[in-house]
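At position 126 of the sequence shown (counting the first as 1) the number is 191 in my numbering, and the numbers step up by one without a gap. Note that beta-carbon positions come from the ideal geometry of N, C-alpha and C, so glycine has one too. Nothing here was measured: the structure is a model prediction, and the numbers come from that model. See below for the structure under consideration.
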Amino acid sequence: MTLRDASGLVAMCLIWGFNFVVAKFSVAGIPAWVPGFEGSPPIFFAFLRFLLLALVLAPFLKPMPKDWPRLLGVAACMGGLQYALIFIGLQTATPSGMAIALQLGVPFATILSVIWLGERLGPLRLAGTVAAFIGVALVSADPANLTVSVGLLIGVAASAVAATGMILVKKIDMKPFRLQAWIGLLSAPLLLALSLLFERGQIEAVASGGVLFILSLVYTVGLVNVFGHGVFYHLIQRYETNLIAPLTLLAPLSGVGFGILVAGDPLGWRLAIGGVIALAGVALVAARPNRKLPKAPLARKEAL
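Have a look at this one:
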């Protein structure tokens, strides 16, 4: 890998990692960068995110797609439903914990490729899948106190939804930015309807976030989606998926680091040991080729 590409990969992963903190601020007001701001309603924040994404990527919308039922399923799984769950989960979950939990998208996509596409698992990928779930379970649950993080469980559900989207998107012939544009356009109305139905005080909450809330939206769309995915798609065109996928685990690692250093997440033994086990398991799964679903190792990266 060239120095330029390696630098781009590191920058991309750091941007994606810091996005966990940005998202936590946006929906929970943590870190307390704006006094009195307690976060936007999570579904409404997801709506704003996809509305802005659709506007930014509007030039990529043409031509009109043909497979509408499948595209609607992809938009729901990789767009609206997934992000609504992530942001709802982040209201109570820590950024570092969510950074770990969302990596289950890789083993979930692998499992679904076995069930729906006939992929065969070797012993290494099977061991990696089991390790990933054990690691996330350690991060999410506290057996000593018989408690579990509901927010992280919601994040695990978001990973399963995203993995379903990976299966559906397999048969859609669209360029990456065009697909993102349509996911944004189709997700925004769904999320707005859900927000109006289940949430209140959206405008007042957003207004209390001030300029920093607006910058958080610009960050998550401009840097995470446009810049980050621009680098990402450049890399996967030049290098093998099974090289890039393990390297992008720097994103959740930096997410854990930023969560601890910036958001004040506690570093306990469950996060440390569970995180290592989970990421090692995901790396093991991602490093092996998936013949039926070659992009399965990129399950989380495709939807960030």
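Cβ-Cβ distance between residue i and residue j below 8 Å
{"i": "Val171", "j": "Val201", "result": "no"}
{"i": "Phe278", "j": "Ser105", "result": "yes"}
{"i": "Met231", "j": "Ala174", "result": "yes"}
{"i": "Ala253", "j": "Ala119", "result": "yes"}
{"i": "Phe152", "j": "Ala88", "result": "yes"}
{"i": "Leu203", "j": "Ala158", "result": "no"}
{"i": "Leu74", "j": "Leu261", "result": "no"}
{"i": "Gly340", "j": "Val321", "result": "yes"}
{"i": "Gln147", "j": "Ala223", "result": "yes"}
{"i": "Pro107", "j": "Ala149", "result": "yes"}
{"i": "Leu282", "j": "Gly145", "result": "no"}
{"i": "Gly154", "j": "Ile219", "result": "yes"}
{"i": "Met163", "j": "Phe85", "result": "yes"}
{"i": "Leu250", "j": "Leu126", "result": "yes"}
{"i": "Ser273", "j": "Phe102", "result": "yes"}
{"i": "Pro311", "j": "Ala352", "result": "yes"}
{"i": "Val179", "j": "Leu186", "result": "yes"}
{"i": "Ala196", "j": "Ile342", "result": "yes"}
{"i": "Pro128", "j": "Leu136", "result": "no"}
{"i": "Thr306", "j": "Arg114", "result": "no"}
{"i": "Val291", "j": "Val121", "result": "yes"}
{"i": "Asp132", "j": "Ile237", "result": "yes"}
Sequence-distant residues of its chain with Cβ nearer than 7 Å to residue i (five each side left out)
{"i": "Arg356", "result": "Glu184"}
{"i": "Gly138", "result": "Leu233"}
{"i": "Phe110", "result": "Ser91, Val92, Phe152"}
{"i": "Leu288", "result": "Ile80"}
{"i": "Ala228", "result": "Gly170, Phe173, Ala174, Leu177, Ala364"}
{"i": "Pro325", "result": "Rather than Pro, the amino acid found at residue 325 in this sequence is Ile. Ser161, Leu332."}
{"i": "Leu314", "result": "Leu344, Val347, Ala348"}
{"i": "Asp330", "result": "Thr159, Pro160, Ser161, Gly324"}
{"i": "Val327", "result": "Val86, Pro96"}
{"i": "Tyr304", "result": "Met66"}
{"i": "Pro354", "result": "Asn307"}
Opposing strand residues paired with residue i [DSSP bridges]
{"i": "Ala206", "result": "Val213"}
Close-in-space but distant-in-sequence residues of the same chain around residue i (CB under 6 Å, 5 per side omitted)
{"i": "Gly193", "result": "Gly346, Leu349, Val350"}
{"i": "Ala316", "result": "Cys78, Trp81, Gly82"}
{"i": "Leu259", "result": "Ile108"}
Closer than 7 Å: residue i CB and nearest the ligand ADP heavy atom
{"i": "Val350", "result": "Among the ligands in the structure shown, none appear at all, so the ligand ADP cannot be discussed."}
Nonlocal neighbours in the same chain, by C-beta distance under 8 Å from residue i, ignoring five residues either side
{"i": "Val213", "result": "Ser205, Ala206, Asp207"}
> Can you list, in chain order, the stretches of the alpha helix (DSSP H) that have 4 or more residues and sit fully within the stretch 301-349?
Replying inline: 306-312, 315-326
>> If we require 4 or more residues per run, which alpha helix (DSSP H) segments fall completely within the stretch 153-201?
In response: 160-166, 170-182
>> Please give the ranges of any alpha helix (DSSP H) in the stretch 233-269, keeping only runs that are unbroken, at least 4 residues long and fully inside the region.
In response: 241-263
> If you scan the stretch 84-161 from start to end, which runs of the alpha helix (DSSP H) of 4 or more residues do you find wholly inside it?
Replying inline: 107-121, 133-140, 146-155
>> Extract the residue ranges of the alpha helix (DSSP H) inside the stretch 276-304, only unbroken runs of 4 or more that lie entirely within it.
In response: 293-303
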